[in-house]
Amino acid sequence: MSRRTPPRPVDITALFPEIAPYARTATRLHPRPGTPTAESSSVGGPLLWPASEPWPVCREPHPRSHGLRPADVRRRREILAAAWLRPRPASGGLTYVGGEEAELDAMVEGHHPPELPDDAPVPLMALAQFFVRDVPALAEFAPGGSDLLQVLWCPFDDHPGTGCAPALRLIWRRAARVTEVLAGRQPEPEVVEDDGYVPEPCVLHPEQVTDFPWHEDLPDALVARIRTWEEGPAQELPGAPSYQQDLSLAPGWKAGGWDGWSVTDLQRPSCDCGRELRLMLTVDSSEWGGGGWWPHEDPSPTDPELPPVPLLGEPTQITVGRYGAYRVFVCPADASHPHGVDVQ
28 MSRRTPPRPV DITALFPEIA PYARTATRLH PRPGTPTAES SSVGGPLLWP
78 ASEPWPVCRE PHPRSHGLRP ADVRRRREIL AAAWLRPRPA SGGLTYVGGE
128 EAELDAMVEG HHPPELPDDA PVPLMALAQF FVRDVPALAE FAPGGSDLLQ
178 VLWCPFDDHP GTGCAPALRL IWRRAARVTE VLAGRQPEPE VVEDDGYVPE
228 PCVLHPEQVT DFPWHEDLPD ALVARIRTWE EGPAQELPGA PSYQQDLSLA
278 PGWKAGGWDG WSVTDLQRPS CDCGRELRLM LTVDSSEWGG GGWWPHEDPS
328 PTDPELPPVP LLGEPTQITV GRYGAYRVFV CPADASHPHG VDVQ
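Read left to right, the sequence shown gives residues 28 to 371 (the working numbering).
Shown next as C-alpha coordinates:
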(Lines of atoms letter the chains of each structure in order from A and count residues from 1; the text may use other names and numbers.)
(Lines give C-alpha, C1' and ligand atoms only; values in the text may rest on other atoms or scores of the structure.)
Protein backbone atom coordinates (compact mmCIF):
# COMPACT_ATOMS: atom_id res chain seq x y z
CA MET A 1 0.00 0.00 0.00
CA SER A 2 1.33 3.43 -0.92
CA ARG A 3 1.41 6.24 1.62
CA ARG A 4 0.57 9.83 0.69
CA THR A 5 1.16 12.95 2.73
CA PRO A 6 -2.03 15.03 2.95
CA PRO A 7 -1.94 18.29 0.96
CA ARG A 8 -0.57 21.22 2.93
CA PRO A 9 -3.23 23.54 4.39
CA VAL A 10 -2.06 26.34 2.06
CA ASP A 11 0.38 26.68 -0.83
CA ILE A 12 3.33 28.52 0.71
CA THR A 13 4.70 29.43 -2.74
CA ALA A 14 1.43 31.16 -3.64
CA LEU A 15 1.61 33.26 -0.48
CA PHE A 16 5.35 33.95 -0.75
CA PRO A 17 6.61 33.34 -4.32
CA GLU A 18 10.18 34.23 -3.33
CA ILE A 19 10.39 31.04 -1.25
CA ALA A 20 10.02 28.80 -4.32
CA PRO A 21 13.77 28.65 -5.16
CA TYR A 22 14.43 27.22 -1.69
CA ALA A 23 12.30 24.11 -2.32
CA ARG A 24 14.04 20.75 -2.04
CA THR A 25 12.69 17.36 -2.97
CA ALA A 26 12.77 14.80 -0.17
CA THR A 27 11.67 11.18 0.00
CA ARG A 28 9.47 10.31 2.97
CA LEU A 29 10.30 6.67 3.57
CA HIS A 30 7.11 5.71 5.45
CA PRO A 31 8.52 2.60 7.20
CA ARG A 32 5.85 0.15 8.38
CA PRO A 33 6.20 -3.23 10.11
CA GLY A 34 6.82 -6.03 7.65
CA THR A 35 9.13 -8.79 6.52
CA PRO A 36 11.75 -7.22 4.26
CA THR A 37 14.30 -9.23 2.31
CA ALA A 38 17.93 -8.53 1.48
CA GLU A 39 16.79 -7.51 -2.02
CA SER A 40 14.47 -4.75 -0.74
CA SER A 41 14.85 -1.33 0.84
CA SER A 42 14.11 -1.55 4.54
CA VAL A 43 14.66 -0.42 8.09
CA GLY A 44 15.82 -3.19 10.40
CA GLY A 45 15.84 -5.81 7.65
CA PRO A 46 18.60 -8.07 6.32
CA LEU A 47 21.30 -6.35 4.28
CA LEU A 48 22.43 -7.39 0.82
CA TRP A 49 25.83 -8.20 2.28
CA PRO A 50 28.56 -10.02 0.33
CA ALA A 51 29.37 -13.40 1.87
CA SER A 52 33.09 -12.77 1.37
CA GLU A 53 33.15 -9.32 3.02
CA PRO A 54 33.91 -9.04 6.76
CA TRP A 55 31.11 -7.58 8.85
CA PRO A 56 32.09 -4.12 10.13
CA VAL A 57 32.91 -3.60 13.79
CA CYS A 58 33.34 -0.65 16.15
CA ARG A 59 36.77 -0.29 17.74
CA GLU A 60 36.32 3.17 19.22
CA PRO A 61 36.96 3.12 22.97
CA HIS A 62 33.77 3.13 25.03
CA PRO A 63 32.08 0.80 27.56
CA ARG A 64 30.48 -2.10 25.66
CA SER A 65 29.62 -4.79 28.22
CA HIS A 66 26.66 -3.22 30.01
CA GLY A 67 23.22 -2.93 28.45
CA LEU A 68 20.32 -4.95 27.09
CA ARG A 69 20.39 -8.04 24.93
CA PRO A 70 18.88 -7.35 21.48
CA ALA A 71 16.91 -10.61 21.74
CA ASP A 72 15.40 -9.41 25.03
CA VAL A 73 14.49 -6.06 23.46
CA ARG A 74 12.62 -7.83 20.65
CA ARG A 75 10.89 -10.29 22.97
CA ARG A 76 9.78 -7.50 25.30
CA ARG A 77 8.22 -5.66 22.37
CA GLU A 78 6.44 -8.85 21.30
CA ILE A 79 4.99 -9.41 24.77
CA LEU A 80 3.85 -5.80 25.16
CA ALA A 81 2.30 -5.66 21.68
CA ALA A 82 0.20 -8.74 22.48
CA ALA A 83 -0.74 -7.41 25.93
CA TRP A 84 -1.99 -4.12 24.49
CA LEU A 85 -4.49 -6.03 22.33
CA ARG A 86 -6.03 -7.94 25.24
CA PRO A 87 -8.94 -6.65 27.36
CA ARG A 88 -7.69 -4.32 30.06
CA PRO A 89 -8.41 -5.09 33.73
CA ALA A 90 -10.65 -2.64 35.59
CA SER A 91 -7.73 -1.80 37.86
CA GLY A 92 -5.72 -0.58 34.87
CA GLY A 93 -2.47 -1.81 33.43
CA LEU A 94 -1.98 -4.61 30.93
CA THR A 95 -3.07 -8.24 30.95
CA TYR A 96 -0.27 -10.80 30.76
CA VAL A 97 -0.66 -14.53 30.21
CA GLY A 98 1.49 -17.51 31.10
CA GLY A 99 4.85 -16.44 32.39
CA GLU A 100 5.01 -13.16 30.44
CA GLU A 101 5.21 -10.89 33.46
CA ALA A 102 8.04 -12.90 35.02
CA GLU A 103 9.77 -12.97 31.64
CA LEU A 104 9.64 -9.17 31.45
CA ASP A 105 10.98 -8.83 34.99
CA ALA A 106 13.99 -10.96 34.03
CA MET A 107 14.92 -8.71 31.11
CA VAL A 108 17.13 -6.36 33.05
CA GLU A 109 19.96 -4.13 31.97
CA GLY A 110 23.29 -5.49 33.08
CA HIS A 111 26.65 -7.05 32.24
CA HIS A 112 25.48 -9.79 29.92
CA PRO A 113 28.46 -10.89 27.83
CA PRO A 114 31.87 -11.71 29.28
CA GLU A 115 33.50 -8.49 30.42
CA LEU A 116 34.87 -6.79 27.31
CA PRO A 117 37.66 -4.23 27.26
CA ASP A 118 36.61 -0.80 26.05
CA ASP A 119 38.37 -1.29 22.71
CA ALA A 120 37.17 -4.83 21.92
CA PRO A 121 35.65 -5.11 18.41
CA VAL A 122 31.85 -4.89 18.55
CA PRO A 123 29.78 -5.93 15.49
CA LEU A 124 27.76 -3.03 14.16
CA MET A 125 23.98 -3.32 14.03
CA ALA A 126 22.26 -3.17 10.65
CA LEU A 127 19.98 -0.13 10.75
CA ALA A 128 18.69 0.23 7.18
CA GLN A 129 19.41 -0.17 3.50
CA PHE A 130 18.10 1.88 0.59
CA PHE A 131 18.15 1.10 -3.11
CA VAL A 132 18.34 4.32 -5.11
CA ARG A 133 15.61 2.93 -7.39
CA ASP A 134 13.26 3.16 -4.38
CA VAL A 135 14.61 6.37 -2.84
CA PRO A 136 15.26 8.87 -5.65
CA ALA A 137 16.41 11.61 -3.25
CA LEU A 138 19.59 9.59 -2.66
CA ALA A 139 20.64 9.74 -6.31
CA GLU A 140 22.44 13.08 -5.89
CA PHE A 141 24.56 11.66 -3.05
CA ALA A 142 25.47 8.29 -4.59
CA PRO A 143 29.10 7.91 -5.70
CA GLY A 144 29.48 7.04 -9.37
CA GLY A 145 27.82 3.74 -10.23
CA SER A 146 26.55 3.05 -6.70
CA ASP A 147 22.89 2.19 -6.34
CA LEU A 148 22.62 0.86 -2.77
CA LEU A 149 23.24 2.60 0.56
CA GLN A 150 23.65 0.46 3.67
CA VAL A 151 23.52 2.07 7.10
CA LEU A 152 24.90 0.43 10.24
CA TRP A 153 25.56 1.80 13.70
CA CYS A 154 27.20 1.02 17.01
CA PRO A 155 24.33 1.17 19.55
CA PHE A 156 26.26 2.97 22.30
CA ASP A 157 26.37 6.70 23.02
CA ASP A 158 29.96 7.43 23.97
CA HIS A 159 31.44 8.13 20.54
CA PRO A 160 33.31 11.33 19.76
CA GLY A 161 31.54 13.70 17.39
CA THR A 162 28.06 12.19 17.66
CA GLY A 163 26.58 14.39 20.38
CA CYS A 164 25.94 11.44 22.72
CA ALA A 165 24.44 9.15 20.08
CA PRO A 166 25.36 5.99 18.14
CA ALA A 167 28.23 6.13 15.66
CA LEU A 168 27.14 5.54 12.07
CA ARG A 169 28.78 3.66 9.19
CA LEU A 170 27.64 4.44 5.61
CA ILE A 171 28.44 1.92 2.90
CA TRP A 172 27.69 2.55 -0.76
CA ARG A 173 27.87 -0.36 -3.19
CA ARG A 174 26.69 -1.63 -6.58
CA ALA A 175 23.99 -4.18 -5.85
CA ALA A 176 24.68 -6.22 -8.99
CA ARG A 177 28.19 -6.97 -7.75
CA VAL A 178 26.84 -8.85 -4.72
CA THR A 179 26.62 -12.29 -6.30
CA GLU A 180 26.71 -14.35 -3.09
CA VAL A 181 24.78 -12.96 -0.11
CA LEU A 182 25.76 -13.57 3.52
CA ALA A 183 23.70 -16.53 4.75
CA GLY A 184 22.19 -17.00 8.20
CA ARG A 185 21.70 -14.40 10.90
CA GLN A 186 23.57 -11.16 10.53
CA PRO A 187 26.12 -10.36 13.23
CA GLU A 188 25.02 -7.89 15.89
CA PRO A 189 26.29 -6.69 19.29
CA GLU A 190 25.66 -8.87 22.32
CA VAL A 191 24.26 -5.86 24.15
CA VAL A 192 22.96 -2.41 23.24
CA GLU A 193 22.97 0.65 25.44
CA ASP A 194 19.32 1.52 24.81
CA ASP A 195 16.34 -0.43 23.48
CA GLY A 196 15.61 2.50 21.17
CA TYR A 197 18.72 1.61 19.17
CA VAL A 198 17.31 -1.75 17.98
CA PRO A 199 15.21 -1.31 14.81
CA GLU A 200 12.06 -3.29 14.15
CA PRO A 201 11.93 -4.84 10.65
CA CYS A 202 10.02 -2.45 8.39
CA VAL A 203 9.25 -2.31 4.69
CA LEU A 204 9.23 1.12 3.05
CA HIS A 205 6.57 3.02 1.10
CA PRO A 206 8.63 5.89 -0.37
CA GLU A 207 6.91 9.12 -1.38
CA GLN A 208 8.38 12.21 -2.99
CA VAL A 209 7.53 15.42 -1.09
CA THR A 210 8.71 19.02 -1.12
CA ASP A 211 10.57 20.51 1.84
CA PHE A 212 11.13 24.18 2.60
CA PRO A 213 13.88 25.48 4.90
CA TRP A 214 14.13 26.02 8.61
CA HIS A 215 13.47 29.72 9.22
CA GLU A 216 17.15 30.49 9.95
CA ASP A 217 17.99 29.51 6.37
CA LEU A 218 15.64 32.17 4.97
CA PRO A 219 16.22 35.93 4.57
CA ASP A 220 15.17 37.93 7.62
CA ALA A 221 12.72 40.02 5.61
CA LEU A 222 10.92 36.91 4.36
CA VAL A 223 10.79 35.41 7.85
CA ALA A 224 9.22 38.64 9.14
CA ARG A 225 6.52 38.50 6.44
CA ILE A 226 5.79 34.86 7.24
CA ARG A 227 5.43 35.65 10.95
CA THR A 228 3.06 38.51 10.17
CA TRP A 229 0.95 36.10 8.13
CA GLU A 230 1.02 33.50 10.95
CA GLU A 231 -0.17 36.07 13.49
CA GLY A 232 -2.88 37.42 11.19
CA PRO A 233 -4.51 35.64 8.22
CA ALA A 234 -3.35 32.17 9.28
CA GLN A 235 -5.38 32.46 12.46
CA GLU A 236 -8.55 32.47 10.37
CA LEU A 237 -7.71 29.15 8.70
CA PRO A 238 -8.66 25.72 10.11
CA GLY A 239 -6.03 24.67 12.62
CA ALA A 240 -4.20 28.03 12.36
CA PRO A 241 -1.27 26.54 10.38
CA SER A 242 2.26 27.73 11.02
CA TYR A 243 5.12 27.71 8.53
CA GLN A 244 7.53 25.62 10.59
CA GLN A 245 5.07 23.03 11.87
CA ASP A 246 2.76 22.60 8.89
CA LEU A 247 4.30 23.96 5.69
CA SER A 248 8.04 23.38 5.64
CA LEU A 249 9.72 20.21 6.94
CA ALA A 250 8.17 16.77 6.49
CA PRO A 251 8.62 14.69 9.67
CA GLY A 252 9.63 11.06 10.02
CA TRP A 253 12.29 9.00 8.32
CA LYS A 254 13.28 10.70 5.08
CA ALA A 255 16.08 11.06 2.57
CA GLY A 256 17.21 14.47 1.38
CA GLY A 257 15.20 17.61 1.99
CA TRP A 258 15.86 20.25 4.62
CA ASP A 259 17.00 20.01 8.24
CA GLY A 260 15.37 21.67 11.25
CA TRP A 261 17.09 23.07 14.35
CA SER A 262 14.46 23.06 17.10
CA VAL A 263 16.86 22.13 19.94
CA THR A 264 19.85 24.28 19.05
CA ASP A 265 20.32 27.26 16.79
CA LEU A 266 21.38 26.51 13.23
CA GLN A 267 24.81 24.85 13.36
CA ARG A 268 25.06 22.73 10.24
CA PRO A 269 28.35 20.79 10.14
CA SER A 270 31.07 21.51 7.59
CA CYS A 271 33.36 19.15 5.71
CA ASP A 272 37.14 19.21 6.10
CA CYS A 273 37.25 20.36 2.46
CA GLY A 274 35.48 23.58 3.50
CA ARG A 275 32.04 22.87 2.04
CA GLU A 276 28.91 22.90 4.15
CA LEU A 277 27.55 19.38 4.56
CA ARG A 278 24.08 18.63 3.23
CA LEU A 279 21.31 16.59 4.84
CA MET A 280 21.10 13.11 3.32
CA LEU A 281 19.12 11.05 5.85
CA THR A 282 16.84 11.68 8.82
CA VAL A 283 16.29 8.89 11.36
CA ASP A 284 13.28 10.08 13.33
CA SER A 285 11.73 8.84 16.56
CA SER A 286 8.22 9.46 15.20
CA GLU A 287 6.61 9.51 11.77
CA TRP A 288 4.41 12.51 12.45
CA GLY A 289 4.08 15.17 15.08
CA GLY A 290 0.43 15.93 14.38
CA GLY A 291 -2.52 14.91 12.26
CA GLY A 292 -1.53 17.16 9.38
CA TRP A 293 1.33 14.84 8.35
CA TRP A 294 -0.43 11.54 9.02
CA PRO A 295 -1.06 9.57 5.77
CA HIS A 296 -4.75 8.83 5.33
CA GLU A 297 -3.95 5.25 4.28
CA ASP A 298 -2.95 4.53 7.88
CA PRO A 299 -5.46 4.13 10.70
CA SER A 300 -6.11 7.41 12.47
CA PRO A 301 -4.22 7.73 15.75
CA THR A 302 -7.45 9.04 17.29
CA ASP A 303 -9.78 6.34 15.90
CA PRO A 304 -11.88 5.16 18.89
CA GLU A 305 -12.42 1.78 17.19
CA LEU A 306 -8.72 0.95 17.33
CA PRO A 307 -7.16 -0.87 20.27
CA PRO A 308 -4.97 1.50 22.30
CA VAL A 309 -1.65 0.37 20.81
CA PRO A 310 0.76 3.23 21.57
CA LEU A 311 3.28 2.79 18.73
CA LEU A 312 1.22 3.60 15.64
CA GLY A 313 3.46 6.53 14.75
CA GLU A 314 6.67 4.76 15.85
CA PRO A 315 6.91 1.74 13.53
CA THR A 316 10.71 1.41 13.64
CA GLN A 317 10.78 1.76 17.46
CA ILE A 318 14.02 3.69 17.07
CA THR A 319 14.29 6.49 19.63
CA VAL A 320 17.13 8.99 19.52
CA GLY A 321 17.95 11.86 21.85
CA ARG A 322 14.92 13.12 23.72
CA TYR A 323 12.47 11.59 21.26
CA GLY A 324 14.20 13.52 18.50
CA ALA A 325 15.78 13.01 15.10
CA TYR A 326 19.26 11.74 14.18
CA ARG A 327 20.37 13.48 10.99
CA VAL A 328 23.16 12.38 8.66
CA PHE A 329 24.99 15.04 6.62
CA VAL A 330 27.35 14.36 3.73
CA CYS A 331 29.66 16.40 1.54
CA PRO A 332 27.85 17.50 -1.64
CA ALA A 333 31.13 17.40 -3.57
CA ASP A 334 32.36 13.94 -2.55
CA ALA A 335 30.32 11.37 -0.61
CA SER A 336 33.55 9.61 0.41
CA HIS A 337 34.48 12.53 2.68
CA PRO A 338 33.66 11.97 6.38
CA HIS A 339 29.98 12.44 7.14
CA GLY A 340 28.54 14.47 10.02
CA VAL A 341 25.68 13.70 12.39
CA ASP A 342 23.45 15.81 14.61
CA VAL A 343 20.58 15.04 16.98
CA GLN A 344 17.72 17.48 17.42
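For each residue, glycine too, the CB sits at the ideal point set by N, CA and C. Nothing here was measured: the structure is a model prediction, and the numbers come from that model.
Note down the Cα distance separating MET28 from TRP315, rounded to an integer number of angstroms. 18 Å
Between ARG30 and HIS232, which are expected to be in contact by the criterion C-beta below 8 Å, what is the C-beta distance as a whole number of angstroms? 4 Å
Taking Cβ to Cβ, would you say GLY125 is nearer than 8 Å to HIS93? no
Quick check: what's the CA-CA separation for GLU341 versus LEU143? 33 Å
Return the Cβ separation of ALA164 and ALA282 in integer angstroms, given the expectation that the two are a contact with Cβ distance under 8 Å. 4 Å
The beta strand (DSSP E) that contains ARG51, what's its start and end? 51-55
Spatial distance of ASP292 from ASP99 (CA atoms): 38 Å
How would you write the range of the alpha helix (DSSP H) that VAL250 sits in, first residue to last? 247-258
Taking the continuous alpha helix (DSSP H) assigned at ILE198, which residues delimit it? No alpha helix (DSSP H) holds ILE198; the beta strand (DSSP E) holding it covers 194-200.
How would you write the range of the beta strand (DSSP E) that LEU306 sits in, first residue to last? 305-311
Which one of TYR353, GLU227, SER363, ASP145 has the shortest CA to CA distance from ALA108? GLU227
Short of 7 Å in beta carbon distance, which residues of its chain neighbour GLU303, apart from the five on each side in sequence? Order them along the chain. ARG295, SER297
Looking at the unbroken beta strand (DSSP E) that takes in ARG354, where does it start and where does it end? 352-357
Since VAL159 and ALA166 are thought to touch, with beta carbons under 8 Å apart, how far apart are those beta carbons, to the nearest angstrom? 5 Å
Cα-Cα separation, TRP288 to ARG305: 14 Å
Could you name each continuous alpha helix (DSSP H) segment of 4 residues or more that falls completely within the stretch 127-186, going from the start of the chain to the end? 127-133
How long is the line joining the alpha carbons of PRO216 and VAL37, rounded to whole angstroms? 47 Å
Expressed to the nearest angstrom, what Euclidean distance is found between the alpha-carbon atoms of ARG103 and THR64? 23 Å
Below 8 Å CB to CB, which residues in the same chain sit around GLN213 once its five sequence neighbours on both sides are set aside? PRO73, LEU74, TRP76, TRP82, ALA153
Range of the contiguous beta strand (DSSP E) that encloses GLU105: Here GLU105 belongs to no beta strand (DSSP E); instead the alpha helix (DSSP H) covers 97-111.
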